[in-house]
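Working notes, structure below.
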Amino acid sequence: MQSDILNDLVSLRRDLHAHPELGFEETRTSTIVAERLEAAGIEVHRGLGKTGVVGTLRLGSGNRAIGLRADMDALAMPEIGNPPWKSTVENRMHACGHDGHTTLLLGAAEQLAREGGFDGTVHFIFQPAEEGRGGARAMMADGFFNRFPVDAVYGLHNMPGLAVDQIAVVEGPQLASSDSWTATFKGVGTHGAKPHLGKDAVTCAAHFLSILHNVVAREVDPLQPAVVSACALSAGDFDALNVIPDEVKIGGTARAYTPEVRDQLEAAIGRLAHGAAASFGIDCDYTFIRRIPPVVNAKDPTGISRQAAARAGDVLTEFPPSTAGDDFADFSQEVPGCYVWLGNGPAQDGALHHNTRYDFNDDAIPTGVRYWVELVRAALPQRAGE
Ligand SMILES: [Zn+2]
Ligand SMILES: [Zn+2]
270 MQSDILNDLV SLRRDLHAHP ELGFEETRTS TIVAERLEAA GIEVHRGLGK TGVVGTLRLG
330 SGNRAIGLRA DMDALAMPEI GNPPWKSTVE NRMHACGHDG HTTLLLGAAE QLAREGGFDG
390 TVHFIFQPAE EGRGGARAMM ADGFFNRFPV DAVYGLHNMP GLAVDQIAVV EGPQLASSDS
450 WTATFKGVGT HGAKPHLGKD AVTCAAHFLS ILHNVVAREV DPLQPAVVSA CALSAGDFDA
510 LNVIPDEVKI GGTARAYTPE VRDQLEAAIG RLAHGAAASF GIDCDYTFIR RIPPVVNAKD
570 PTGISRQAAA RAGDVLTEFP PSTAGDDFAD FSQEVPGCYV WLGNGPAQDG ALHHNTRYDF
630 NDDAIPTGVR YWVELVRAAL PQRAGE
């Protein structure tokens with residue numbers, strides 16, 4: 270990569286890092302994206318999913334089309350690290366490297382607009398609100414697939430621990446489904462000294478928690494990954510330690526890599542919650558909210574990604590899936606897709622994604638941009654004679 274281009278992309282990345290925006294609030298970021306795409310001569314569509322942007326580049330006469338997706342949002346957390354490009358906004362931080370993702374895809378769009386080398390249509394998808402706010406769904410609700418029909422979609426995430434010239438491209442499950450559940454145990458509150466006059470939801474909730482992990486340990490196939498965690502619990506008041514409260518609410522997350530296990534988790538957590546409640550003679554309200562499906566890489570796009578990764582750097586064909594989720598899955602459920610991991614170098618001070626010291630490694634920019642450019646050329650090759 271030419272040094273002036275690289276320097277420009279590094280300053281862009283640092284500028285985005287210094288100005289993080291939460292999901293659906295990426296007005297500054299999406300304006301920069303849209304203006305740079307326009308300056309590169311790319312057709313720009315704004316306002317998909319509120320702050321999302323799609324850039325469209327057509328070359329040749331081919332009717333094939335692909336979508337390349339980058340996420341733009343930051344997290345509501347403080348930055349404790351102290352780089353010169355540290356966040357200038359209180360309690361907002363690019364701790365997942367989406368500043369890097371935005372930069373890589375923009376760099377690739379600009380290079381492809383300058384150099385071409387493919388035949389067909391590329392839609393550059395700058396998605397808002399990946400971090401749990403449903404940006405992909407919002408873009409789809411605004412007609413993404415109708416307005417920008419694509420044969421396949423591609424995604425990328427930075428990964429500390431891999432070298433900056435390494436790209437892991439693996440067929441099959443990459444990221445888990447990410448769903449939320451709550452169970453509210455509804456007893457009858459009473460004096461702490463007279464438990465027999467009420468129905469004790471606190472003890473019932475404890476009973477539920479003690480059997481909850483049987484779902485993964487005893488029900489799900491041991492060869493199928495699954496996670497169930499209780500992450501929030503509320504009841505009673507520490508200023509009223511002689512009151513057994515009416516209700517206890519417990520909530521958590523459930524993760525799986527297949528639709529079958531996902532269904533199994535939903536049913537089993539609910540059955541245990543209702544079972545625990547029944548054994549205490551109380552009621553239970555159970556909800557399971559399907560947030561995002563698993564990311565599962567399809568065969569053909571994975572083969573294309575592998576070719577591109579081999580041209581851009583060093584391909585790893587084996588890499589363990591992550592129990593995190595990414596709503597790229599909403600796109601790749603509609604059309605075949607492939608999601609790869611781009612090395613981000615050694616974890617600095619042990620800082621991983623969502624850590625208050627995390628910072629995207631600019632040394633990964635050349636590999637990441639080259640990967641996107643080569644991917645377009647591998648997926649939409651020019652025909653002989655052109
Ligand atoms: Zn994240
Ligand atoms: Zn992320």
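Each residue of the sequence shown is one higher than the one before, starting from 270 at the first, in the numbering used here.
Don't be surprised by glycine CBs; every beta carbon is placed ideally from N, CA and C.
Helix, strand or coil for Ala410? Go by DSSP, reduced to three states. helix
Validate contact between the stretch 360-369 and the stretch 629-646 using beta carbons, cut 8 Å, 3 pairs: yes
Where Thr357 falls: helix, strand or coil (DSSP): coil
Every unbroken beta strand (DSSP E) within the stretch 445-484, with a cutoff of 3 residues, ordered by chain: 447-455
What are the uninterrupted segments assigned as beta strand (DSSP E) that are 3 or more residues long and contained completely in the stretch 586-614, given in chain order? 606-612
How close, in whole Å, do the beta carbons of Ile519 and Ala495 come, if the pair is a contact with beta carbons under 8 Å? Incorrect: roughly 18 Å between the Cβ atoms, too far for contact.
Around ligand 1, Cβ to any heavy atom closer than 6 Å, ordered along the chain: Cys365, Glu400, His622, His623
Is there at least one non-hydrogen atom of ligand 2 closer than 7 Å to the beta-carbon of Asp340? yes
Taking Gln617 as the reference, which of Gly430, Thr325, His363 has the closest Cα? Gly430
Taking the C-alpha atoms as reference points, what is the distance between Ser280 and Ser574? 28 Å
Looking at C-alpha atoms only, which residue of Glu295, Lys455, Arg646 is the closest neighbour of Gly550? Lys455
Assign Pro514 to buried or exposed, taking buried as 16 or more other Cβ atoms, counted over all protein chains shown, within 10 Å of its Cβ. buried
Just reading off the alpha helix (DSSP H) that Ala309 is part of, what are its end residues? Careful: Ala309 lies outside any alpha helix (DSSP H) and carries neither H nor E.
Selection from Val302, Gly572, Asp340, Thr357 that minimises the alpha carbon distance to Glu348: Thr357
With DSSP collapsed to three states, give me the class of His367. helix
Continuous alpha helix (DSSP H) stretch holding Gln271: start and end: Per DSSP, Gln271 belongs to no alpha helix (DSSP H) and is neither H nor E.
Can you list, in chain order, the residues of its chain with a C-beta nearer than 7 Å to that of Ala542? Leave out the 5 residues immediately preceding and following it. Ala452, Phe477, Cys553, Tyr555
Helix, strand or coil for Gln493 per DSSP? coil
CB-CB length for Arg487 against Leu375, believed under 8 Å: Not quite, the Cβ-Cβ distance comes to about 49 Å (not below 8 Å), so this is no contact.
Comparing C-alpha positions only, which one of Val604, Pro464, Arg560, Gly572 sits nearest to Ala437? Gly572
What does a CB cutoff of less than 7 Å around Val604 pick up in its chain, not counting 5 residues either side in sequence? Val419, Asp420, Ala421, Val422
Sub-8 Å separation of Arg297 and Glu307 beta-carbons: no
Is any heavy atom of ligand 2 found at a distance shorter than 7 Å from the C-beta of His426? yes
Residue interval of the alpha helix (DSSP H) (run including Ala523): Element bounds for Ala523: not the alpha helix (DSSP H) but the beta strand (DSSP E), 516-525.
Between which residues of its own chain and Ala309 is the CB-CB distance below 6 Å, once the five residues before and five after are set aside? Glu379, Ala382
Can you list, in chain order, the residues of its chain whose CB lies under 7 Å from that of Met409, leaving out five sequence neighbours each side? Asp599
With Asp532 as the anchor, note down where its alpha helix (DSSP H) starts and where it stops. 528-548
Measure how close the beta-carbons of Ser591 and Arg531 come, nearest whole angstrom, since I'm counting them as under 8 Å. That pair is no contact at about 16 Å.
Please classify Asn624: does DSSP put it in a helix, a strand, or coil? coil
Roughly how many angstroms lie between the CA atoms of Val738 and Leu510, to the nearest whole one? This structure does not reach residue 738, given that the chain is present from 270 up to 655, and the question cannot be answered.
Measuring only the C-alpha atoms, how far is Leu611 from Glu535? 33 Å
Does DSSP put His288 in a helix, in a strand, or in coil? coil
Whole-angstrom Cβ separation of Gly336 and His426, contact assumed at under 8 Å? Incorrect: roughly 16 Å between the Cβ atoms, too far for contact.
Under a Cβ-count criterion, where at least 16 other Cβ atoms within 10 Å of its own Cβ denotes burial, should Arg559 be classed as buried or exposed? exposed
Spatial neighbours of Leu466 within its chain, please: C-beta separation below 6 Å, excluding the five flanking residues on both sides. Thr459
Using three-state DSSP, classify Arg416 as helix, strand or coil. helix
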